[in-house]
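Numbering (the working numbering), first residue to last: 1163 to 1321.
Here is the structure we will look at.
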């Protein structure tokens, strides 16, 4: 059994403070619209991707300004259209860990989704989603001020 958690890193041309803000209060700019923020441990945000009915609620478990953001999934309903019999709560109990390392002019962001492993039914779609939202949208937002969050993506339907 492979227990390799999803893990990626990016380097951005911005401050650790800007990265920390994007990961605590700026999700609408690069991931998906939300109406709350992580200001202290225990804060919760529910994320969804309308019109899909899937949602995930995360709770802040560790916040170290400009260095670390750790969230735990405390509620989940993931409807995978291609796999209707798959568990809807695969992310429940998983954790997202964002480590921020600032150097003289650049900042490295290491992201690990602990519990998102290849054995999960959702792995491929979640891997593609994180690759887009972390590797592309967040990186663009941090470097240019404009990301491509869910509301700005146009999905083409095929028959």
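Ideal Cβ placement from N, Cα and C applies to all residues, glycine included.
Original post:
Which term fits residue 1215, buried or exposed, when burial requires 16 or more other beta carbons within 10 angstroms of its beta carbon?
Top reply: Numbered from 1 along the chain shown, position 53 holds the residue referred to as residue 1215. Exposed.
Subject >> Helix, strand or coil at residue 1271 [DSSP, three-state] >> reply: Residue 1271 sits at position 109 when you count from the first residue of the chain shown. Three-state result, residue 1271: strand.
Original post:
Hey, out of 1181, 1222, 1189, 1268, whose CA is closest to residue 1210's CA?
Top reply: If you number the chain shown from 1, residue 1210 lands on position 48. Of the listed residues, the one whose Cα sits closest to residue 1210 is 1189.
Subject >> Pair within 7 Å by beta-carbon distance, residue 1282 and residue 1244 >> reply: Taking the chain shown and counting its residues from 1, one reaches residue 1282 at position 120. Taking the chain shown and counting its residues from 1, one reaches residue 1244 at position 82. For residue 1282 and residue 1244, no; Cβs fall outside 7 Å.
Original post:
Run through DSSP, which three-state label would residue 1279 get?
Top reply: The sequence position of residue 1279 within the chain shown is 117, counting from 1. Looking at residue 1279 - three-state DSSP - the assignment turns out to be coil, as it is neither helix nor strand.
**OP:** Output the distance between the C-alpha atoms of residue 1306 and residue 1295, rounded to the nearest integer angstrom.
**Re:** As a working mapping, residue 1306 is identified with position 144 in the chain shown. As a working mapping, residue 1295 is identified with position 133 in the chain shown. C-alpha separation (whole angstroms): 15 Å.
**OP:** Measure the alpha-carbon distance for residue 1195 versus residue 1310 and round it to whole angstroms.
**Re:** Translated into positions along the chain shown, residue 1195 becomes position 33. Translated into positions along the chain shown, residue 1310 becomes position 148. If I take the Cα positions, the gap works out to 11 Å.
**OP:** Following the continuous alpha helix (DSSP H) through residue 1292, name the residue where it begins and the one where it ends.
**Re:** Locating residue 1292 in the chain shown gives position 130, counting from the first residue. Bounds of the alpha helix (DSSP H) holding residue 1292 are 1285-1292.
Original post:
Run through DSSP, which three-state label would residue 1209 get?
Top reply: Stepping through the chain shown from its first residue, residue 1209 is reached at position 47. Three-state result, residue 1209: strand.
Original post:
Considering only the beta carbon of each residue, do residue 1308 and residue 1178 sit closer than 7 Å?
Top reply: Counting from one through the chain shown, the residue named residue 1308 turns up at place 146. Counting from one through the chain shown, the residue named residue 1178 turns up at place 16. The answer is no: Cβ separation not under 7 Å.
Original post:
Does DSSP put residue 1247 in a helix, in a strand, or in coil?
Top reply: Taking the first residue of the chain shown as position 1, residue 1247 is located at position 85. For residue 1247, the three-state secondary structure derived from DSSP is coil.
Subject >> Cutoff 6 Å; reference residue 1191; Cβ partners in own chain excluding five residues on either side >> reply: Translated into positions along the chain shown, residue 1191 becomes position 29. Closer than 6 Å at the Cβ level, and outside the excluded window around residue 1191, lie 1303, 1309.
**OP:** Mind reading off the beta-carbon distance from residue 1175 to residue 1274? Whole number of angstroms is fine, and I expect it under 8 Å.
**Re:** Counted from its first residue, the chain shown places residue 1175 at position 13. Counted from its first residue, the chain shown places residue 1274 at position 112. With a contact defined as Cβ atoms closer than 8 Å, residue 1175 and residue 1274 miss out at about 23 Å.
Subject >> residue 1252 - partner residues in DSSP beta bridges >> reply: On the chain shown, residue 1252 is found 90 positions in, with the first residue counted as 1. Residue 1252 pairs with nothing; no bridge assigned.
Original post:
Roughly how many angstroms separate the alpha carbons of residue 1293 and residue 1254, rounded to a whole number?
Top reply: Indexing the chain shown from 1 puts residue 1293 at position 131. Indexing the chain shown from 1 puts residue 1254 at position 92. Approximately 20 Å between the Cα atoms of the pair.
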